[in-house]
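Protein chains in written order, with the numbering used here: chain A, 356 to 711; chain B, 219 to 705.
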């Protein structure tokens, strides 16, 4: 159902009545970054796949369309979203998927959410419905607003519709596991990354390394025999990691470490960055071939120091990412360009250091 | 209003830069009059050639203070006039900043100054078994800074993506002289994705002074297939069938008969000159999978009606097949004194309809057209042949080219897939975007550059310009190509 007139009307009303809005779908990403304040503008009724032609490798859907519906329609044609979007609680909408820009375990190989965005229809803070990008793979007409919208957490406007690049599913997938400490796993992943390997996910935690191979049957079988390891019967672990349903992501679980006073940090590092000097193997995890590390810790300063030492950055899950003053200034100027009256409350903006 | 060509700017630039870093004489300025779009020229006021980021910063601060427009320039190979200078402006050439700073084997990235040539990246990575995937046809000459500005593609971008997909980070200097470090050898960055909007911004938001790109392991096995068809339709069907079977070739290029004949006479690649269309398909992968992949694709193209299929497995035969395609532009250039290269992208299933329409326009304007097509991703390069010495032919060509781009928009595509808007496609931007969208682009630009000094006359048209064109594009309230179904 197309409810865009109602959504646009809500924006125009908010503008004339000086009300602030907070756009939301199902709220499935609250645990990742909660919004607050403003009047809720819910998009979940704005649903439907507007266009999908498997041979064109593009799908266009309204923002309230459930991600799982997209995933299932694509699967009927042996296609998928290569960035493996998280579907927390099995819910989540296309609008939330693009606005959060979160990518799953396949990110280093399948690209990010932003990489797959080809076009958006968005209602800006002036209540104008604008189209950027389109439904074609290559498009350099005008600034790339579509990809800027990915990860904008609703700061620029209401994403009414998105067109996404889709990919054929691999013929064959296999999950392998190895007993390995973190340093060995890091080195092992470096070597794999440098060689041509049908690798498309990596997870290390508690001295276990998991790899997912994905490609043609011949290439995957060959690699399994080259690498050895223990072949898992199920690929379920990747869904659990993507959706933070894996026990590592839970504050408490049976037999788990005491995490009293700990926060879950997400540390983005160069993939080959060295490990922290001290860490608890149960409280530390790596994915994205080492480029995304998770660390339960009770000392913020320690985590921050590690991130900056290795040339990365860190934030707590559930809290906004901190942005430095200079890039922050340009981000706020861009926000202002789309939303001159500051109608849209975005949780992302809380992380931007204000120059004043 | 600032003074035109203030002497203070020259004086300050002279203090800042070494003698060979500042060009002000007519002879020296000559090579900077145009980029790869040679039909549109202007003599710049001065050319500044910095060697360091600090110099870039200073140059921008000087120009910002005196409100002098700045036109950035990489290798000058752009095809849309994005580096066309301004009479009262400074050309900021980045050709001297051409060092490869680091090949980081640990993280599979390369850190580069903006003037590094595209091909030089892969050459430097080669000893490590790595390469940089985006490969525009001009890769021998074009620079990575220009690639970022244009979000360049190439024949392998169907599988490996455009510049934006292979870019990890940039350092950017804004017109105010502020340095932003965006991304790095990292897979995510905090806040709004400024890297995404910087890529393809045609030098209108900031000057890139350092680029970090991803390097990929070279595929161990490659096969290149040359297939011929009796009709463009059948070739188009073959492309759709291959993709529908779940195969993403590393490259998939189509050429029509005129382009094939020109390329064959030029490069002697062994193309069948009687074919209505050829399809060059490159497949890559692991050694153990490549044969069955090639077998599958052979069956698919055979079913689609291919009249011949040649498979090249050794690298010299592969290079020969690619040579014809990669030299298609100069080859077509030999058929007429001038050619005009278009760059629309269309949804692939509209191909035959678009080519029919292009043929009609070709007959109507009496100007031959050769078509070269990145078939996998729908990016069409019609090359219009003309003679600029014949009065009126350049204007007729530009008008016809404009209509081809409007046609691309009408079928749900875009006026530029990879060459950029520059000065060339400003009019067609008025067709693709409405006034609210254009104003949104302008506000985005002013967020970075409030005085509109960075490449100010490129990329985004003014509403006045679009208004003046209104009469040309919309006659009696009808849109161009009213018979075509719209999205």
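All residues carry an ideal CB built from backbone N, CA and C; glycine is no exception.
Let me know the secondary structure DSSP gives residue i once reduced to three states.
| i | result |
| --- | --- |
| residue 284 (chain B) | helix |
| residue 464 (chain B) | coil |
| residue 528 (chain B) | strand |
| residue 591 (chain A) | helix |
| residue 449 (chain A) | helix |
| residue 674 (chain A) | coil |
| residue 470 (chain B) | strand |
| residue 321 (chain B) | strand |
| residue 588 (chain B) | strand |
| residue 258 (chain B) | coil |
| residue 597 (chain B) | strand |
| residue 697 (chain B) | In this predicted model, residue 697 (chain B) has a pLDDT of only 46, less than 50, meaning its place in the structure is not dependable; the value taken from the coordinates is given anyway. Residue 697 (chain B) falls in the coil class under three-state DSSP. |
| residue 356 (chain B) | coil |
Mind reading off the beta-carbon distance from residue i to residue j? Whole number of angstroms is fine, and I expect it under 8 Å.
| i | j | result |
| --- | --- | --- |
| residue 717 (chain B) | residue 259 (chain B) | With chain B running from 219 to 705 in the structure shown, residue 717 (chain B) is simply not present. |
| residue 421 (chain B) | residue 672 (chain B) | 6 Å |
| residue 397 (chain A) | residue 478 (chain A) | With 8 Å as the limit, residue 397 (chain A) and residue 478 (chain A) do not qualify as a contact, their Cβ atoms being about 14 Å apart. |
| residue 431 (chain A) | residue 522 (chain A) | Actually they do not touch by this definition, with Cβ atoms about 15 Å apart. |
| residue 593 (chain A) | residue 460 (chain A) | 5 Å |
| residue 437 (chain A) | residue 465 (chain A) | 3 Å |
| residue 493 (chain A) | residue 569 (chain B) | 14 Å between Cβ atoms; not a contact. |
| residue 405 (chain A) | residue 419 (chain A) | Not confirmed; about 12 Å, so no contact. |
| residue 462 (chain A) | residue 405 (chain B) | 6 Å |
| residue 339 (chain B) | residue 358 (chain B) | Actually they do not touch by this definition, with Cβ atoms about 12 Å apart. |
Could you confirm whether any beta carbon from chain B is found closer than 7 Å to the beta carbon of residue i?
| i | result |
| --- | --- |
| residue 493 (chain A) | yes |
| residue 498 (chain A) | yes |
| residue 573 (chain A) | yes |
| residue 557 (chain A) | no |
| residue 469 (chain A) | yes |
| residue 483 (chain A) | yes |
| residue 686 (chain A) | yes |
| residue 459 (chain A) | no |
| residue 464 (chain A) | no |
| residue 729 (chain A) | A question about residue 729 (chain A) goes unanswered here, because the residues of chain A that appear run from 356 up to 711. |
| residue 629 (chain A) | no |
| residue 623 (chain A) | yes |
| residue 612 (chain A) | no |
| residue 549 (chain A) | yes |
| residue 365 (chain A) | no |
Taking the alpha carbon of residue i as the point to measure from, which residue in the options has its own alpha carbon closest?
| i | options | result |
| --- | --- | --- |
| residue 441 (chain A) | A:432, A:453 and A:433 | A:453 |
| residue 243 (chain B) | B:257, B:261 and B:226 | B:261 |
| residue 628 (chain B) | B:574, B:680, B:529 and B:564 | B:564 |
| residue 367 (chain A) | A:554, A:643, A:484 and A:461 | A:484 |
| residue 567 (chain B) | A:413, A:379 and A:382 | A:413 |
| residue 607 (chain B) | B:557, B:381, B:360 and B:379 | B:557 |
| residue 391 (chain A) | A:402, A:552 and A:375 | A:375 |
| residue 450 (chain A) | A:480, A:462, A:476 and A:428 | A:476 |
| residue 694 (chain A) | A:513, A:575 and A:613 | A:513 |
| residue 510 (chain B) | A:599, A:357, A:688 and A:571 | A:571 |
| residue 378 (chain A) | A:648, A:639 and A:699 | A:699 |
| residue 458 (chain A) | A:665, A:650 and A:599 | A:599 |
Is there at least one Cβ from chain A nearer than 7 Å to residue i's Cβ?
| i | result |
| --- | --- |
| residue 184 (chain B) | Residue 184 (chain B) falls outside the range modelled here, since chain B spans only 219 to 705, and no answer is possible. |
| residue 462 (chain B) | yes |
| residue 326 (chain B) | yes |
| residue 591 (chain B) | no |
| residue 458 (chain B) | yes |
| residue 405 (chain B) | yes |
| residue 427 (chain B) | no |
| residue 571 (chain B) | no |
| residue 409 (chain B) | yes |
**Report entry** Contacting positions in the segment 594-619 of chain B - beta carbon closer than 7 Å to chain A
**Finding:** 595, 596 and 597
Requested in this report: Quick one: which residues of the segment 412-424 of chain B get their C-beta closer than 7 Å to a C-beta of chain A? List them in chain order.
Outcome: 412, 414, 415, 417, 418 and 419
Query raised in the report: If you measure beta-carbon to beta-carbon, which residues of the segment 375-386 of chain B are closer than 8 Å to chain A?
Result: 375, 376, 379, 380, 382 and 383
Query raised in the report: Of the residues that make up the segment 409-441 of chain A, which ones have a beta carbon closer than 7 Å to any beta carbon in chain B?
Result: 409, 410, 411, 412 and 433
Query raised in the report: Listed in chain order, which residues of the segment 648-666 of chain A have Cβ atoms closer than 8 Å to some Cβ of chain B?
Result: 666
Report task. Can you give me, in chain order, the residues of the segment 495-506 of chain B that have a beta carbon less than 8 Å from any beta carbon in chain A? Result -> 503, 504 and 506
Query raised in the report: Closer than 8 Å, Cβ to any Cβ of chain B: which residues of the segment 512-525 of chain A, in chain order?
Result: 522, 523 and 524
**Report entry** Contact set between the segment 631-647 of chain A and chain B, restricted to residues whose Cβ is under 8 Å from the partner
**Finding:** 643, 646 and 647
Query raised in the report: If contact means a Cβ-Cβ distance below 8 Å, which residues of the segment 427-456 of chain B contact chain C?
Result: The chain labelled as chain C is not found among the protein chains of the depicted structure, namely A and B.
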